[in-house]
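Note that the sequence shown ends on residue 126 in my numbering; no numbers are left out.
Input: a single structure, listed below in structure tokens.
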Amino acid sequence: MVRGTSPLLRLAPVILAVCCAASGCGDWWLRITEVSGTVRIDGKPAKGVQVVFQPLDASRPRALAQTDKEGVFRLGRQGPGNRQGAASGKYRVQLLTDTDSPNAVIIPPEYNVKSMLEFDVIPGKANVLDVDVKTKK
């Protein structure tokens, strides 16, 4: 016990945690769920594609991944801690490539800047997103 500290002041962190838990704020980090998948472009594995999960709820952190040579990704997230995955909830998914690279595949806007691709991360479920981008019509 710290001398000179009032009992109410010592209880402040506990009171804050209880209030926050009761209101539902700040508990998204308890529901971080693994998310993985593959990205293919015209049926072929897409290496080096950035997979960005933008939350529809702005209070949640976004999650990111880069595809490997087989087009496989596993999300990490931006936010406190170092857990892999994404907070539960709905996301808009964008697929981005390095447009400065001369060998970059051009991904159609409906998969990146104008993406309407959405994914719902559900806790306790295998969250897998497989996308096959069509560049040829």
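Think of the CB as a built atom: it goes at the ideal place given N, C-alpha and C, for glycine as much as any other residue.
Looking at the DSSP output, Ser25 bridges to Arg63, Val117. Here Thr56 is actually not in contact with Val82; their C-beta atoms are around 13 Å apart, not less than 8 Å. Rounded to whole angstroms, the gap between the alpha carbons of Ala76 and Lys33 is 29 Å.
If you compare the alpha carbons of Thr22, Arg20, Arg29, Arg49 with that of Leu84, the shortest gap goes to Arg29. Assignment of Pro44 by DSSP, reduced to helix, strand and coil, places it in the strand class. Between the C-alpha atoms of Asp121 and Asp31 there is a straight-line separation of about 7 Å.
Scanning its chain for C-beta atoms nearer than 8 Å, with the 5 sequence neighbours on each side dropped, one finds around Gln43 the residues Arg51, Tyr80, Arg81, Val82, Gln83, in chain order.
Of Lys123, Ala115, Thr124, Lys125, the smallest CA-CA separation from Ser25 is found for Ala115. For Leu84, the enclosing beta strand (DSSP E) covers residues 78 to 85. Closest by C-alpha distance to Val102, out of Gly113, Asn92, Thr88, is Thr88. At the C-beta level, Leu45 and Leu53 stay beyond 9 Å of one another.
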